[in-house]
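Using my numbering, you'd call the opening residue of the sequence shown number 3 and step up by one each time.
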Amino acid sequence: MRLTRHTDYALRILLQAALQPGERLSIAAVAEAQGIARNHAMKLVNELANAGYLATTRGRGGGFTLGRAPEDIIIGEVVRLTETETQPADCPNCALRPGCGLIPVLGGAAQAFFAELDRHTLAEAASRSRLPRALRETSRADDMTLAAG
3 MRLTRHTDYA LRILLQAALQ PGERLSIAAV AEAQGIARNH AMKLVNELAN
53 AGYLATTRGR GGGFTLGRAP EDIIIGEVVR LTETETQPAD CPNCALRPGC
103 GLIPVLGGAA QAFFAELDRH TLAEAASRSR LPRALRETSR ADDMTLAAG
């Protein structure tokens with residue numbers, strides 16, 4: 003199964019927040035550092051905050067942090083939230099559809115994919131990752147406030 007960019011970006015935002023625990027991150031700085039359009043990053047942060055994955059602070063010096071402990075964020079749950087279509091095939095006009103033998107096979111593959119994602123947490127991903135110094139130095143909300151002030 004191929005993940006959408008929307009999901010890829012959501013996972014990147016969460017991973018960066020997990021790699022910078024306790025730091026308020028700036029949406030603009032994270033978007034720039036990750037190569038994500040700022041508007042898209044704003045939508046994602048809002049979506050992830052509404053689901054409880056992120057905590058946000060508005061205003062000067064505002065930003066976001068993880069809203070839950072990284073060990074409580076299941077990768078499969080995030081992917082289900084951000085993927086609009088989780089079925090591996092969409093074949094509404096297929097003449098074989100009523101009795102197609104591929105539908106259960108593909109459905110089983112999708113279930114196995116999500117079962118694997120459900121076995122892993124953001125904490126595990128963070129423990130295997132390393133935040134490049136450039137990202138660490140440019141994404142904090144405090145830095146954005148100082149630069150703006």
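Backbone N, C-alpha and C define an ideal beta-carbon position, used for all residues, glycine too.
Report task. Taking residue 57 as part of the alpha helix (DSSP H), name the residues at either end of that continuous run. Result -> Along the sequence shown, one-based indexing puts residue 57 at 55. Run containing residue 57: none in the alpha helix (DSSP H); it sits in the beta strand (DSSP E), 56-59.
**Report entry** Three or more C-beta pairs below 8 Å linking the stretch 100-116 and the stretch 31-46
**Finding:** no
Report task. Could you tell me how far apart the beta carbons of residue 17 and residue 124 are, in whole angstroms, since I believe they sit closer than 8 Å? Result -> As a first step, residue 17 is located in the sequence shown; it is residue number 15 there, counting from the start. As a first step, residue 124 is located in the sequence shown; it is residue number 122 there, counting from the start. Confirmed, Cβ separation roughly 7 Å.
**Report entry** Cα-Cα separation, residue 15 to residue 65
**Finding:** Residue 15 sits at position 13 when you count from the first residue of the sequence shown. Residue 65 sits at position 63 when you count from the first residue of the sequence shown. Roughly 12 Å separates the two Cα atoms.
Requested in this report: Take every Cβ of the stretch 88-105, pair it with every Cβ of the stretch 37-45, and state whether three or more of those distances are shorter than 8 Å.
Outcome: no
Query raised in the report: Terminal residues of the continuous beta strand (DSSP E) containing residue 109?
Result: Taking the sequence shown and counting its residues from 1, the one referred to as residue 109 is at position 107. Where residue 109 is concerned, there is no enclosing beta strand (DSSP E), although the alpha helix (DSSP H) around it starts and stops at 104-119.
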